[in-house]
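Sequential numbering from 1 applies to the sequence shown in UniProt numbering. All residues carry an ideal CB built from backbone N, CA and C; glycine is no exception. Source: prediction; values computed, not measured.
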Amino acid sequence: MTDTELTAAASGTFAIGGDLTVNRLGFGSMQLPGPGVWGEPRDPEGAVRVLQRAVELGVNFIDTADSYGPVIAEQLIKKALHPYRDDLVIATKAGLTRQGPNIWTPVGRPAYLRQQAELSLRNLGLDTIDLFQLHRIDPEVPLEDQVGELKKLQDEGKIRHIGLSEVSVAEVEAAQKVASIVSVQNLYNVANRQSEELLDWSTAHGVGFIPWFPLATGKLSQPGGPLARLAEKTGATPSQLALAWLLRRSPVMLPIPGTSSVEHLEDNIAGASVELSDEDFAAIEAAV
Numbered sequence: 001m002t003d004t005e006l007t008a009a010a011s012g013t014f015a016i017g018g019d020l021t022v023n024r025l026g027f028g029s030m031q032l033p034g035p036g037v038w039g040e041p042r043d044p045e046g047a048v049r050v051l052q053r054a055v056e057l058g059v060n061f062i063d064t065a066d067s068y069g070p071v072i073a074e075q076l077i078k079k080a081l082h083p084y085r086d087d088l089v090i091a092t093k094a095g096l097t098r099q100g101p102n103i104w105t106p107v108g109r110p111a112y113l114r115q116q117a118e119l120s121l122r123n124l125g126l127d128t129i130d131l132f133q134l135h136r137i138d139p140e141v142p143l144e145d146q147v148g149e150l151k152k153l154q155d156e157g158k159i160r161h162i163g164l165s166e167v168s169v170a171e172v173e174a175a176q177k178v179a180s181i182v183s184v185q186n187l188y189n190v191a192n193r194q195s196e197e198l199l200d201w202s203t204a205h206g207v208g209f210i211p212w213f214p215l216a217t218g219k220l221s222q223p224g225g226p227l228a229r230l231a232e233k234t235g236a237t238p239s240q241l242a243l244a245w246l247l248r249r250s251p252v253m254l255p256i257p258g259t260s261s262v263e264h265l266e267d268n269i270a271g272a273s274v275e276l277s278d279e280d281f282a283a284i285e286a287a288v
């Protein structure tokens, strides 16, 4: 498959906030830092190459966070891609602090969120962050104070659009009273559909839905499972089929599969071109 055929553009487009049009298949940078999303990558130059290859293959939506590393992923993005293409949208997040590998603690105090936004601007080399997401709602801080600080940053021109992560419909609706919320990022994949209600709400309201761990397939891809059987029938991999299912599931779906391998990246991008028949889509839909 040539680069012309292997392209994220095959996933279609979505306008985040109504004015940032991106190819729906993006790239998530969580896997670029070291083990436990902590420290430098094992292969720093390889991580840079993955980012550059993603953009070469039509990815123009990259998701990151201040806590990935921490700061490592944002700095890798700047190293690999700055100065940025005009059509490249970089989304970052704040609200989770790190105390070691695989340890994540919510902090949503307004002063902290402002500090992290300022640091993300510096680490990414940006004047304005296209999409700034509250990584988690801090239960110790009123939601209106957390979103309100992001709204102040937006009014100052430091943030273009605001998103939320791991939220319920009720929480998004509460946040919408403080600021316009253009995206949500929740755990969602073919094997775990616990955020189905939020996805349906997002689809109805034109809010971008960014599923994290989008390619997790669980038992569905085991020998004899529905994805394994469909893979034999179509020639696509179970992960590509899971991605194709997500893209067809909703027009607001923005999957961001991440990897530290160019080979895996190219395999994921190929999933954008997989077209499911009505029968195959229904079979996957009914599998969980």
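Under the three-state reduction of DSSP output, THR234 falls in the helix class. HIS82 counts as exposed, since fewer than 16 other beta carbons sit within 10 angstroms of its beta carbon. Note on ARG24: 16 or more other CB atoms within 10 angstroms of its CB, so buried under the neighbour-count rule. The C-beta of GLY100 has fewer than 16 other C-beta atoms within 10 Å across all chains shown, which makes the residue exposed. Assignment of PHE27 by DSSP, reduced to helix, strand and coil, places it in the strand class. Contact between ASN189 and LEU215 holds: CB atoms are separated by about 7 Å, below the 8 Å threshold. ARG85 counts as exposed, since fewer than 16 other beta carbons sit within 10 angstroms of its beta carbon.
Cα atoms of ASN186 and GLU5: separation of roughly 30 Å, rounded to the nearest angstrom. Counting along the chain, the unbroken beta strand (DSSP E) around HIS161 starts and ends at 159-165. Relative to GLU144, the option among GLY125, PRO110, ALA117 whose CA is nearest is PRO110.
With contacts defined by Cβ atoms closer than 8 Å, ASP130 and LYS93 do not form a contacting pair.
For the 8 Å CB-CB criterion, ALA175 and LEU153 do not form a contact.
With respect to VAL262, ARG53 sits close: the two C-beta atoms are nearer than 8 Å. Secondary-structure assignment with DSSP links LEU187 through a beta bridge to TRP212. Distances from the alpha-carbon of PHE27 to those of GLU266, LEU276, VAL274 put GLU266 closest. Here GLN31 is near GLY258, since their CB atoms are less than 8 Å apart.
Taken through DSSP and simplified to helix, strand or coil, ALA282 comes out as helix. Beta-bridge annotation (DSSP): ALA270 is not paired with any residue. When secondary structure is reduced to three states using DSSP, GLN99 falls in the coil class, being assigned neither helix nor strand. The beta carbon of VAL147 is closer than 6 Å to those of ALA175, VAL178, ALA179 in its chain, skipping five residues each way along the sequence. One alpha carbon belongs to ALA282, the other to GLY208, and they sit about 23 Å apart.
ILE159 and LEU113 have their C-alpha atoms spaced approximately 12 Å apart. Here GLN133 carries a strand assignment [DSSP, helix/strand/coil]. Annotated three-state conformation of ASN192 is strand, per DSSP. Using a Cβ distance threshold of 8 Å, ILE72 and LEU124 do not count as a contacting pair.
Here the alpha carbon of ILE103 sits roughly 14 Å from the alpha carbon of ARG136.
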